[in-house]
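>
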Amino acid sequence: MIATYPEITRIDLPATTKHLSILSACIAEVIARIDGLREHAHLTYAVQLAAHEACANIIEHAYAGMSNQRVEIMITIDDRPLRVIIDMYDSGQSFDLAHTPAPSLDQPQMRGYGLHILRSLMDEVAYHPAKGKNHWHLVKHLIQNGET
Numbered sequence: 326m327i328a329t330y331p332e333i334t335r336i337d338l339p340a341t342t343k344h345l346s347i348l349s350a351c352i353a354e355v356i357a358r359i360d361g362l363r364e365h366a367h368l369t370y371a372v373q374l375a376a377h378e379a380c381a382n383i384i385e386h387a388y389a390g391m392s393n394q395r396v397e398i399m400i401t402i403d404d405r406p407l408r409v410i411i412d413m414y415d416s417g418q419s420f421d422l423a424h425t426p427a428p429s430l431d432q433p434q435m436r437g438y439g440l441h442i443l444r445s446l447m448d449e450v451a452y453h454p455a456k457g458k459n460h461w462h463l464v465k466h467l468i469q470n471g472e473t
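Just so we're aligned, residue 326 is where the sequence shown starts under the numbering used here, counting upward by one.
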């Protein structure tokens, strides 16, 4: 199959945790369409986990659990360079990413690892707060078999 890039998949989900499995399934299907991807299962899981974490944070923090809200998601496969891009948009409460403290890995805590997880799994993590439309931008570079 010859792919035409960029390939964009859009989904619009209710802001509930029970819909996160739809996001994960969609990511798996989109990444599965890339021929010859090195470490396919590992990369798919990393992108799913990061997207799941970002979306769960939108549901819990931006929307404070208000289930009548929506999360708009764009999953893009681009080939310059080969990468998967996840863009998430919400209309909930924004926050200041620059002033969010990193978790103490020496002092175990129950919460507060979300941004650390995102930054550990993805190559790029950006958050752009805006009145009425917040935007998460997550990027994972992909390597095909035969590349270094």
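Every residue, glycine too, gets a C-beta built ideally from N, C-alpha and C.
1. Do you know offhand how far Met326's Cα is from Asp431's?
2. In chain order, which beta strand (DSSP E) runs of at least 3 residues are fully inside the segment 343-380?
3. Measure the beta-carbon distance from His460 to Asp448 and round it to whole angstroms, keeping in mind my assumption that it falls under 8 Å.
4. So, helix, strand or coil for Ala423, using DSSP?
5. Whole angstroms is fine: what's the gap from Ile383's alpha carbon to Val355's?
6. Is Glu332 helix, strand or coil by DSSP?
Put simply:
1. Numbered from 1 along the sequence shown, position 1 holds the residue referred to as residue 326. Numbered from 1 along the sequence shown, position 106 holds the residue referred to as residue 431. Note that Met326 scores 49 on pLDDT, short of 50, meaning its location in the model is unreliable; the coordinates nonetheless yield the value given after this. So the alpha carbons of these two residues sit roughly 48 Å apart.
2. none
3. Position 135 of the sequence shown, counting from 1, holds the residue named residue 460. Position 123 of the sequence shown, counting from 1, holds the residue named residue 448. The Cβ separation is near 17 Å, so there is no contact.
4. Numbered from its first residue, the sequence shown carries residue 423 at position 98. DSSP places Ala423 in helix when its eight states are reduced to three.
5. On the sequence shown, residue 383 is found 58 positions in, with the first residue counted as 1. On the sequence shown, residue 355 is found 30 positions in, with the first residue counted as 1. Distance between the alpha carbons of Ile383 and Val355 is about 22 Å.
6. In the sequence shown, the residue the question calls residue 332 occupies position 7. Strand at Glu332.
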